[in-house]
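Undergrad: Provided herewith is a single structure, encoded as structure tokens, for subsequent inquiry.
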Amino acid sequence: MAIKIKVMEPPELTWYEKMYLPQVFSGLIITLKHLLRFRPITIQYPEEVKELPPRYRGIHVMPGDDEGEIRCVACKLCEVACPTQAISIVAEAADDYGIERRPKVYNIDFMRCVFCGFCVEACPCDALRMGMKYELASYNRAGLVHTKEVFFDPNVKSEAPRDNANYLYEKGMGEILDSPEVAEKVKDLSGNYTSS
Amino acid sequence: MERVEFISAESTHNPETGERTETMMLNMGPQHPATHGVLRVVLHLDGEVVVKAVPYIGYLHRGIEKLCEHITYQQCLPYTDRMDYLASICNNIGYILSVEKLLGIEDDIPERAKFAEVILFELGRIESHLVGIGTNALDLGAMSAFLYCFKERERIYDILETVCGARLTTSYPRVGGLPLDLPENFEEVVGNFLKVFPETLTEVDKLLTRNKIWIERTKGVAVINAEDAVSLGLTGPALRGSGVPYDVRKAMPYLGYENYDFEVPVANDGDAYARYLCRLEEMHQSLKIIEQALENLPDGPYIADLPDIVLPEKELTYTKMESLIRHFVIVYEGFKPPAGEVQHAVENPKGELSYYLVSDGTGKPYRMRVRGPSFVNMQALENMVQGSLVADVIAAIGSLDIVLGEIDR
Numbered sequence: 000m001a002i003k004i005k006v007m008e009p010p011e012l013t014w015y016e017k018m019y020l021p022q023v024f025s026g027l028i029i030t031l032k033h034l035l036r037f038r039p040i041t042i043q044y045p046e047e048v049k050e051l052p053p054r055y056r057g058i059h060v061m062p063g064d065d066e067g068e069i070r071c072v073a074c075k076l077c078e079v080a081c082p083t084q085a086i087s088i089v090a091e092a093a094d095d096y097g098i099e100r101r102p103k104v105y106n107i108d109f110m111r112c113v114f115c116g117f118c119v120e121a122c123p124c125d126a127l128r129m130g131m132k133y134e135l136a137s138y139n140r141a142g143l144v145h146t147k148e149v150f151f152d153p154n155v156k157s158e159a160p161r162d163n164a165n166y167l168y169e170k171g172m173g174e175i176l177d178s179p180e181v182a183e184k185v186k187d188l189s190g191n192y193t194s195s
Numbered sequence: 000m001e002r003v004e005f006i007s008a009e010s011t012h013n014p015e016t017g018e019r020t021e022t023m024m025l026n027m028g029p030q031h032p033a034t035h036g037v038l039r040v041v042l043h044l045d046g047e048v049v050v051k052a053v054p055y056i057g058y059l060h061r062g063i064e065k066l067c068e069h070i071t072y073q074q075c076l077p078y079t080d081r082m083d084y085l086a087s088i089c090n091n092i093g094y095i096l097s098v099e100k101l102l103g104i105e106d107d108i109p110e111r112a113k114f115a116e117v118i119l120f121e122l123g124r125i126e127s128h129l130v131g132i133g134t135n136a137l138d139l140g141a142m143s144a145f146l147y148c149f150k151e152r153e154r155i156y157d158i159l160e161t162v163c164g165a166r167l168t169t170s171y172p173r174v175g176g177l178p179l180d181l182p183e184n185f186e187e188v189v190g191n192f193l194k195v196f197p198e199t200l201t202e203v204d205k206l207l208t209r210n211k212i213w214i215e216r217t218k219g220v221a222v223i224n225a226e227d228a229v230s231l232g233l234t235g236p237a238l239r240g241s242g243v244p245y246d247v248r249k250a251m252p253y254l255g256y257e258n259y260d261f262e263v264p265v266a267n268d269g270d271a272y273a274r275y276l277c278r279l280e281e282m283h284q285s286l287k288i289i290e291q292a293l294e295n296l297p298d299g300p301y302i303a304d305l306p307d308i309v310l311p312e313k314e315l316t317y318t319k320m321e322s323l324i325r326h327f328v329i330v331y332e333g334f335k336p337p338a339g340e341v342q343h344a345v346e347n348p349k350g351e352l353s354y355y356l357v358s359d360g361t362g363k364p365y366r367m368r369v370r371g372p373s374f375v376n377m378q379a380l381e382n383m384v385q386g387s388l389v390a391d392v393i394a395a396i397g398s399l400d401i402v403l404g405e406i407d408r
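Chains R and V, in that order, give the protein sequences. Residues in the first sequence are numbered consecutively from 0, following numbering that gives the first Met the number 0. Residues in the second sequence are numbered consecutively from 0, following numbering that gives the first Met the number 0.
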């Protein structure tokens with residue numbers, strides 16, 4: 000395949016262009032044109048805030064479920080997916096029906112976080128999303144390690160099903176051995192969910 | 000490495016008159032605005048003439064290549080953003096292409112992803128060249144050209160933000176295609192950019208190309224002939240400015256570049272002005288490529304159907320146990336390329352960027368080596384500035400268009 004080449008020749012200047020001053024003035028005319036069609040492209044930042052696209056990757060947000068609880072089940076997949084080990088999770092047992100674990104501690108260290116969004120991609124239950132906030136400054140290092148209380152936003156609702164088995168049951172797509180009503184009874188008696 | 004003598008030994012002594020002259024050592028950088036980062040150049044000056052220029056690097060070293068040996072192939076992606084941060088999308092795409100080659104799945108990548116990657120790649124090229132020309136002009140005193148360049152660059156960042164979610168650290172494509180489809184208004188925003196951008200290019204062209212001051216400052220400055228350029232391994236506009244028509248897009252086409260109609264700009268003088276002309280024309284050619292790609296942008300899948308490599312759809316992860324298990328396995332262990340090694344080059348805005356990946360069959364790269372264009376191009380600095388004035392060192396660094404994030408890695 001022959002390569003198409005475009006040879007760039009330096010332009011031959013006319014005597015007029017060599018005179019130095021005309022070029023200065025033609026440059027000034029361009030800047031003057033911009034001055035006359037005054038369309039500012041800068042934003043007066045603290046007063047005006049730029050509109051962000053929906054995909055923007057800012058500080059994380061933890062959406063709430065129907066009961067206003069954190070959706071995270073502490074599977075630690077985000078911790079694994081993080082390229083910089085910014086996330087640290089400590090899990091604890093949860094007694095709710097269909098949920099066995101929840102995070103006791105969920106911290107993201109924003110001194111390490113690179114906002115790649117891989118944690119959100121890894122999350123298997125839509126418990127973590129990238130938010131729209133980007134103002135992160137802090138006077139000390141401790142102020143840059145954010146906890147789950149900072150991320151949790153009950154106003155952000157998630158459409159994803161809370162747990163797999165019940166979702167399939169409701170959709171009529173799968174079979175589960177015990178229906179929620181039966182499971183509730185079992186839970187009432189013992190306080191813990193046990194499969195019958 | 001040669002040790003710098005802080006007091007130069009190259010002195011001359013005239014016994015008759017008792018005069019003694021010696022060269023002066025001048026430390027340019029690391030905190031010098033015209034070195035485009037943290038480059039330290041030790042200049043040995045005889046009066047105002049440069050006798051020797053030794054660049055010292057490593058102030059921004061983060062050990063990216065070593066870091067990547069301990070994380071999965073997918074997790075290396077954000078690290079590639081931070082090499083050539085002026086065109087991070089080009090680094091991303093280059094890395095993704097190398098991993099796809101390692102996996103042997105180049106043929107499975109959907110067409111839509113390829114076209115989108117071409118558009119983003121060329122946007123990255125324009126963005127980088129705008130900074131290259133703008134800062135080169137700024138260093139030599141042409142402030143307004145710089146401002147108009149940065150105005151347009153902001154437009155490209157807006158496009159990248161809508162597509163990738165971040166302006167600078169894009170981390171966008173994934174192995175196998177795109178993580179999310181292109182946004183609905185993508186064609187519209189890129190179309191708008193294509194309409195607006197040529198106007199600024201003409202303005203920059205008017206401000207600089209025939210400007211006597213610009214020509215005086217760049218023409219015949221920092222000259223490197225074709226032979227030296229090839230033997231030093233220069234690539235990109237630095238090589239094409241010396242008259243060698245080498246472009247990876249033509250020599251080793253990737254992403255279907257062989258199907259696009261574009262020209263390789265070449266200038267024969269090998270000076271800073273020739274490199275400027277090449278960059279300016281390359282932006283025109285990039286626009287041409289984007290236009291063609293946008294016209295032919297197909298609909299259809301944006302990510303390959305490869306269950307071992309690509310994460311399952313979120314909908315399936317939420318509802319299907321099998322997909323959930325697959326999701327866990329891919330995130331935990333990463334995909335596992337067959338043992339072997341691969342090298343893939345792309346034409347980054349600054350030159351040939353190539354990744355060399357060695358796999359031992361696990362989910363993490365055994366070795367990742369990056370051949371960065373800036374690092375190699377910077378070698379030419381000493382050659383270029385020897386015997387010229389101190390002020391021309393600025394022009395030389397600016398016209399090489401180096402990025403220290405990539406040199407130090």
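Even glycine gets a Cβ: it sits at the ideal position worked out from N, Cα and C. Please read all numbers here as calculations on a predicted model, not as lab measurements.
For the stretch 126-135 of chain V and the stretch 270-283 of chain V, state whether three or more C-beta atom pairs, one from each stretch, are separated by less than 8 Å.
TA: yes
Undergrad: Give the interface partners of residue 331/V over in chain R, defined as CB-CB distance under 9 Å, in chain order.
TA: Here the question's residue 331/V lines up with position 332 in the second sequence. The answer, in chain order, is 76, 79, 80.
Undergrad: Whose CA, out of 14/V, 373/V, 224/V, lies closest to the CA of residue 408/V?
TA: For the purposes of this step, residue 408/V is taken as residue 409 along the second sequence, with counting starting at 1. It is 373/V.
Undergrad: Residue 33/V and residue 301/V - do their beta-carbons sit closer together than 8 Å?
TA: What you label residue 301/V is simply residue 302 of the second sequence in a count that begins at 1. What you label residue 33/V is simply residue 34 of the second sequence in a count that begins at 1. No, the pair does not count as a contact, with Cβ atoms beyond the cut-off.
Undergrad: Under three-state DSSP, which class holds residue 60/R?
TA: Here residue 60/R refers to the residue found at position 61 when the first sequence is read from its first residue. Judged by DSSP in its simplified three-state form, residue 60/R adopts strand.
Undergrad: Let me confirm a value: residue 17/V is counted as buried when at least 16 other C-beta atoms fall within 10 Å, else exposed. Which label applies?
TA: Against the second sequence, residue 17/V aligns to sequence position 18. Result: exposed.
Undergrad: In chain order, what residues of the same chain have a beta carbon less than 6 Å from the beta carbon of residue 392/V, not counting five sequence neighbours either side?
TA: Indexing the second sequence from 1 puts residue 392/V at position 393. Closer than 6 Å at Cβ, skipping near neighbours: 384.
Undergrad: Counting only Cβ pairs nearer than 7 Å, list the residues of chain V close to residue 4/R.
TA: In the first sequence, residue 4/R corresponds to position 5, counting from 1. Residues of chain V passing the Cβ test: 244, 262, 263, 265.
Undergrad: List the residues of chain R that residue 167/V touches, going by C-beta distances under 9 Å, in chain order.
TA: Sequence index remark: in the second sequence, residue 167/V carries index 168 (1-based). Going along chain R, no residue has its Cβ under 9 Å from residue 167/V, so there is no contact; the nearest lies around 10 Å.
Undergrad: At a CB distance below 7 Å, what residues from the stretch 311-336 of chain V approach chain R? Give them in sequence order.
TA: 316, 317, 318, 320, 323, 326, 327, 330, 331
Undergrad: Using three-state DSSP, classify residue 335/V as helix, strand or coil.
TA: The residue you call residue 335/V lines up with position 336 of the second sequence. In this structure, residue 335/V counts as coil in the three-state DSSP scheme.
Undergrad: Alpha carbons only, please: which of 172/V, 52/V, 212/V is nearest the one belonging to residue 136/V?
TA: Here residue 136/V refers to the residue found at position 137 when the second sequence is read from its first residue. If we check each option's Cα against that of residue 136/V, 212/V comes out closest.
Undergrad: Under 8 Å, CB to CB, which of the residues in the stretch 105-133 of chain R have a partner in chain V?
TA: So the close ones are 113, 114, 115, 116, 117, 120, 121, 123, 124, 125, 129.
Undergrad: Measure how close the beta-carbons of residue 406/V and residue 95/V come, nearest whole angstrom, since I'm counting them as under 8 Å.
TA: Within the second sequence, residue 406/V is the residue found at index 407, counting from 1. Within the second sequence, residue 95/V is the residue found at index 96, counting from 1. For a cut-off of 8 Å, the C-beta gap from residue 406/V to residue 95/V is around 22 Å, too long to register as a contact.
Undergrad: Below 8 Å on C-beta distance, what does residue 206/V contact in chain R?
TA: Looking up residue 206/V in the second sequence gives position 207. 26, 29, listed in chain order.
Undergrad: Is the separation between the beta-carbon of residue 345/V and that of residue 253/V shorter than 8 Å?
TA: On the second sequence, residue 345/V is found 346 positions in, with the first residue counted as 1. On the second sequence, residue 253/V is found 254 positions in, with the first residue counted as 1. In this structure, residue 253/V lies closer than 8 Å to residue 345/V by Cβ.
Undergrad: Let's test the definition: count the other Cβ atoms within 10 Å of the Cβ of residue 297/V and tell me whether it reaches 16, buried, or not, exposed.
TA: Here residue 297/V corresponds to residue number 298 of the second sequence, with the count starting at 1. So residue 297/V counts as exposed.
Undergrad: So, for residue 7/R: in the same chain, excluding its five sequence neighbours on each side, which residues have a beta-carbon less than 6 Å away from its beta-carbon?
TA: In the first sequence, the residue the question calls residue 7/R occupies position 8. None.
Undergrad: Taking all protein chains shown into account, do 16 or more other C-beta atoms lie within 10 angstroms of the C-beta of residue 79/R, making it buried, or fewer, making it exposed?
TA: One-based indexing of the first sequence puts residue 79/R at position 80. So residue 79/R counts as buried.
Undergrad: Suppose you measure from the CA of residue 318/V to the CA of residue 133/R; what does that come to, to the nearest Å?
TA: Within the second sequence, residue 318/V is the residue found at index 319, counting from 1. Within the first sequence, residue 133/R is the residue found at index 134, counting from 1. In a straight line, the C-alpha of residue 318/V is about 32 Å away from that of residue 133/R.
Undergrad: Spatial neighbours of residue 332/V within its chain, please: C-beta separation below 7 Å, excluding the five flanking residues on both sides.
TA: Along the second sequence, read from residue 1 onward, the residue named residue 332/V stands at position 333. Result list for residue 332/V: 362, in chain order.
Undergrad: Should residue 338/V go down as buried or exposed, given a rule of 16 or more other Cβ atoms within 10 Å for buried?
TA: Start at 1 with the first residue of the second sequence, and residue 338/V comes out as number 339. With fewer than 16 Cβ atoms within 10 Å of its Cβ, residue 338/V is classed as exposed.
Undergrad: For the stretch 208-238 of chain V, which residues have a beta carbon sitting closer than 8 Å to at least one beta carbon of chain R?
TA: 208, 209, 210, 211, 212, 214, 218
Undergrad: Do the stretch 120-136 of chain R and the stretch 55-68 of chain R meet, that is, are 3 or more Cβ pairs less than 8 Å apart?
TA: yes
Undergrad: Between residue 119/V and the rest of its own chain, which residues show a CB-CB distance below 6 Å, the 5 nearest in sequence each way excluded?
TA: As a position in the second sequence, residue 119/V is number 120, starting the count at 1. The beta carbon of residue 119/V lies closer than 6 Å to those of 88 in the same chain, with the five residues before and after it left out.
Undergrad: Indicate the three-state DSSP secondary structure (helix, strand or coil) for residue 377/V in the structure shown.
TA: Here residue 377/V corresponds to residue number 378 of the second sequence, with the count starting at 1. Residue 377/V: helix per DSSP, three-state reduction.
Undergrad: Going along chain R, which residues have a C-beta under 7 Å from residue 148/V?
TA: As a first step, residue 148/V must be located in the second sequence, where it is residue number 149. Those within 7 Å of residue 148/V in chain R number zero; the least Cβ separation is about 13 Å.
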